[in-house]
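Numbering (my numbering), first residue to last: 69 to 342.
Here a beta-carbon is modelled for each residue, glycine too, at the ideal position from N, C-alpha and C.
Here the structure is a predicted model, which means the values were calculated and not measured.
Structure first, commentary second.
Shown next as structure tokens:
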């Protein structure tokens, strides 16, 4: 397995696709911050007011909000990492690398775990560079209003931990589809569609439930949206962390990650690679 990992990391280091998407991921927080400045400046002009843009951004808690997004499936760094890892790893199927590796007495479990580790490495590296860029640009522009140094450190640590959990979730799901279908197109399509559509579906369910709650007598339904899977990740605010909410998020995500890894291995173990 060590030799397989060395080969894969060498290929990754030489991959133009990886470094291109890595650079795009690093720059995206800066572009987002500039767009926010432009939108707030336009609002300032249209409303004919003279508020301080940086101070207004601080009052909205834009830095904490940007960090909180790393716990969501649809974060751009996660989607770019999925595209990169799917394209990078799918070449081993199209080039017959797996078949040759098995002939060379490498076990399927070694191949599966090494490729899963590469996918997680790509996802983690994209998430880390994106978060570092977010901290630098959003922190310098809007700061962390009303938060002590300890709370800022805690918010960053929580965002990092939830970002890693989400990265494992998305990348393990991608590997499951890749090793089940052994095709790039369905792997990317299924993973991206689920990441984009699933939160929207649950958001629609939330809106319907809230509508029913409005018409319920004396609001008897008493909805607790923190229990709704995937949607509850959108409720996380790393600036004001709630241990119970974090626990409920992990209650759904961690078992699904284990399921994805297991199903991917089962599919690859029985696959015909001839």
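Between residue 165 and residue 192 a beta carbon distance of about 23 Å is seen, past the 8 Å cut, so the two are scored as non-contacting. Residue 213 is positioned such that its CB atom lies no closer than 7 Å to that of residue 146. In the displayed model, residue 250 falls within coil according to three-state DSSP, outside both helix and strand. Less than 7 Å separates the beta-carbon of residue 152 from that of residue 89.
Per DSSP, the continuous alpha helix (DSSP H) segment holding residue 333 begins and ends at 311–337. Under the DSSP assignment, residue 149 falls in the alpha helix (DSSP H) whose first and last residues are 144–162. Around the CB of residue 203, 16 or more other CB atoms lie within 10 Å, so the residue is classed as buried. In the structure shown, residue 175 adopts coil according to DSSP, grouped into three states.
Residue burial is scored here from C-beta neighbours: residue 180 has at least 16 other C-beta atoms within 10 angstroms and is therefore classed as buried. Residue 150 counts as buried, since no fewer than 16 other beta carbons sit within 10 angstroms of its beta carbon. A straight-line Cα-Cα distance of about 45 Å links residue 313 and residue 163. Per the Cβ contact rule, the segment 303–310 is in contact with the segment 129–145 (3 or more Cβ pairs under 8 Å). Check the Cα spacing between residue 299 and each of 137, 226, 183 and 227: the tightest is with 137. If you look at residue 132, you'll find it in the alpha helix (DSSP H) that goes 130–136. Across the structure, residue 244 and residue 110 are spaced so that their CA atoms are roughly 45 Å apart. Bounds of the alpha helix (DSSP H) holding residue 73 are 70–82.
Contact annotation: residue 201 and residue 94 have beta-carbon atoms nearer than 7 Å. Sixteen is the threshold: since fewer than 16 other Cβ atoms of the shown chains lie within 10 Å of the Cβ of residue 315, the residue is exposed. Between residue 72 and residue 182, the gap from beta carbon to beta carbon is short of 7 Å.
Here residue 279 carries a helix assignment [DSSP, helix/strand/coil].
The C-beta distance from residue 97 to residue 206 rounds to 7 Å, short enough to meet the 8 Å contact threshold. Its chain contains 158 and 161 as the residues whose beta carbon lies nearer than 8 Å to that of residue 251, once the 5 sequence neighbours on both sides are disregarded; these appear in chain order. In the structure shown, the three-state DSSP call for residue 239 is helix.
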